[in-house]
């Protein structure tokens, strides 16, 4: 089927004003939610946690301060346009010690500090983080906070880190009144005299409380719009406010009747899910699929033009970028502004045909014009995508937003069938992308992030008999010193012992965090829109979701593999240096050891289609997979598949790792992604690089990977060059690649942005599995982006 491909000349004046004012709006921390949380918990008594959680949600939506600005799509997480909420029930440490948000730092006034102090005093020993810490230490004798502090691994204690893809289409089709009716029907089947049914009764009560709260919230916006309309003297603005009021009186309580109502209903549900638990990874999913019927109806009935639809999408994408999170130091450095609102384009129908529709094209057009961070768009690639759609995708890549990235739909379907034995072929085809680039059947997964293990730190401990050379602490196993290893095989075996030890600790920390989450911090609103929670009467992590996944991530595998490659080549095979010399050079950060440093840098490196180096990357990813598969996922719903996504934790981890045998110096950022090449070491061009990328990891067994390439803008300056880019993507996918994404920016522009940030405030770059405003990034991440190899086509 052929679609009308739009090319807008520019933003409308209204959209431009809304975008410009975004950058001028102050970032604020709202303490309104904190007050409601403390009130609800103090009054809870002995009620089930899920009821308390529903009451927190209800009180906040009925009591938060509302505003309506120039954007006709209404709804926000806080009283401020660029505001963030704190979640003291998860952790009080971040609230006491950090002013960092996913937007940047915030300032707090005296009243806000008093609100925070009150919440900290109440929740100090009741938080998710404190519960996980106490249980973990009792089971292992290890203080997980020490492992976090020294950068051995990071876990999710104290941070909502599940992934969600609510069934937005369900609300569009039947409204929240329909969801309430479904919950009431299921509740009528409960037998409260049975012990197992009592929790189900609480679950349904909580679902109904939260759904009614969202309806009441929308009605409050309708009332506010009506009040503003009465006072408005401008006829155009008065009409717009009345339209907003009419829409909010209708949705999300009732089914949407047109595209505008569908967009507003979607946005209410999206915001409400974020308010319930601000966990990076609440994803719009297959937006063009469930929104298309409302768009098509409006187009056919002349209710909206394509230009108006794109304007509405642009305004929606600005709203996406207004969602922010209050973060602790480690998470803020590791997440680097990312909120994981991933929107999937392309893909399959449930019977395996091409699912692309006209809305896919319009989403790309809106992104090209408005150029905001969110949503993070992903093209689900398959062999049936049309050339016109792929060309539109390539044109979007050329814009330089780092969006869209590409995921191999054929690999993903195979992964789903392999991972979940009860996953039908139809469910495998109909999947969402959540988090950065993780995949799974739409709105049917309980999914949580696990531990992020710092592999280069484990290598350091391997060379120092389990001692972390930075802190001087004995954190790892005593498995020998560097000088003790007489063969590469002995060194390799010792490193794998450390990996096994910390993988077990990481799995325990993750599992405890998930169980504490499920027991004390359920999310009944999100559960009401997740298959099969209503049918089972259980929250998402409590066993309600049909499919499950949790996973750990191994960070810095390429850095370790390049280090092991260099040691294997230079110490054990060519005998050009000794282990003693190497260790001395590492401790000196290569100062005075320039010749040795040059040898290390000249050793074979991953990313050049060199089996000597590439095979070692694959060996370690296979080893980590083997260790992870020893531990079933939460509730045993799958066999414990690992992630290959590190967000931007490679920056923080690099800061706590000394010099490495790869030639990397102390404190510098580790290699980004999971299968990307270390900046400057991929010397044989993009075709060699993609072959290394495919060889690095079993894309079916791993739930995801991140593979970054950077092109100089001149490499994509005409249609012939775009054709080469698409040929590169197709080759990568055809040989089994899973994920690939592109930065199209030159180092000079990035350096200029560093020195003149005010002139580049809307410069968007691709960091890991997401895009970010370059000027807001940590300086180490900025430098790593500058250093990435600038590829060109021969």
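In this note's numbering, the protein residues as written are 9 to 802.
Where a beta carbon is used, it is the ideal one built from N, C-alpha and C, also for glycine.
Values in this document were obtained by computation on a predicted structure and should not be read as measured data.
- When Cβ pairs closer than 8 Å are counted between the two stretches, the segment 191 to 204 is seen not to touch the segment 311 to 321, the count staying below three.
- Check the Cα spacing between residue 646 and each of 275, 556, 195, 24: the tightest is with 556.
- With 16 or more neighbouring CB atoms inside 10 Å of its own CB, residue 741 falls in the buried class.
- Residue ranges of uninterrupted alpha helix (DSSP H) with 4 or more members, entirely inside the segment 539 to 592 and ordered along the chain, are 541 to 544, 565 to 575.
- Unbroken beta strand (DSSP E) stretches of 3 residues or longer found wholly inside the segment 274 to 354: 350 to 354, given in chain order.
- Assigned with DSSP and collapsed to three states, residue 801 falls in coil, not helix or strand.
- With the rule of 3 Cβ pairs closer than 8 Å, the segment 391 to 405 does not count as touching the segment 306 to 317.
- Taking 8 Å as the cut-off, the Cβ atoms of residue 347 and residue 288 count as close.
- Per DSSP, the beta bridge partners of residue 446 are 442.
- Cβ atoms of residue 100 and residue 87 stay farther apart than 8 Å, at about 22 Å.
- DSSP, reduced to helix, strand and coil, places residue 71 within a helical segment of the structure shown.
- Per DSSP, the unbroken alpha helix (DSSP H) holding residue 398 starts and ends at 395 to 407.
- Cβ atoms of residue 183 and residue 263 come within 8 Å of each other, at about 5 Å.
- DSSP, reduced to helix, strand and coil, places residue 698 within a helical segment of the structure shown.
- Taking 8 Å as the cut-off, the beta carbon of residue 707 is found no closer than this to the beta carbon of residue 387.
- Leaving aside the five residues that flank residue 211 on each side, the residues in its chain whose CB is nearer than 7 Å to its CB run, in chain order, 58, 532, 545, 546, 547.
- A Cβ-Cβ contact shorter than 8 Å links residue 554 with residue 452.
- Going by DSSP, residue 37 is part of the beta strand (DSSP E) stretching over 36 to 38.
- About 5 Å separates the beta carbon of residue 81 from that of residue 275, a gap short enough to meet the 8 Å contact definition.
- Non-local C-beta neighbours of residue 665 in its own chain, meaning closer than 6 Å and more than five positions away in sequence, comprise 464, 465, ordered along the chain.
- Judged by their CB atoms, residue 281 and residue 352 are not nearer to each other than the 8 Å cut-off.
- At the C-beta level, residue 46 and residue 126 come within 8 Å of one another.
- Burial of residue 424 is indicated by the presence of at least 16 other C-beta atoms within 10 angstroms of its C-beta.
- Under the three-state reduction of DSSP, residue 431 is assigned to coil, being neither helix nor strand.
- Residue environment analysis places residue 587 among the buried positions, since at least 16 neighbouring C-beta atoms fall within 10 angstroms of its C-beta.
- Annotation: the continuous alpha helix (DSSP H) that includes residue 658 extends over 657 to 663.
- When the five nearest sequence neighbours on each side are left out, the beta carbons in the same chain lying within less than 8 Å of the beta carbon of residue 240 are those of 246, 249, in order along the chain.
- Under the three-state reduction of DSSP output, residue 244 falls in the helix class.
- Only residues of its own chain outside the window of five on either side were considered, and among them 78 have a CB closer than 7 Å to the CB of residue 25, listed in chain order.
- Residue 651 sits in a strand when the DSSP states are folded into three classes.
- Per the coordinates, the alpha-carbon of residue 326 lies some 22 Å from the alpha-carbon of residue 354.
- Under the DSSP definition of a beta bridge, residue 457 partners with 559.
- Less than 8 Å separates the beta-carbon of residue 657 from that of residue 563.
- Residue 389 has 416 as its beta-bridge partners, per DSSP.
- Around the beta-carbon of residue 607, 16 or more other beta-carbon atoms lie within 10 Å, marking it buried.
- A straight line joining the alpha-carbon of residue 279 with that of residue 329 spans about 12 Å.
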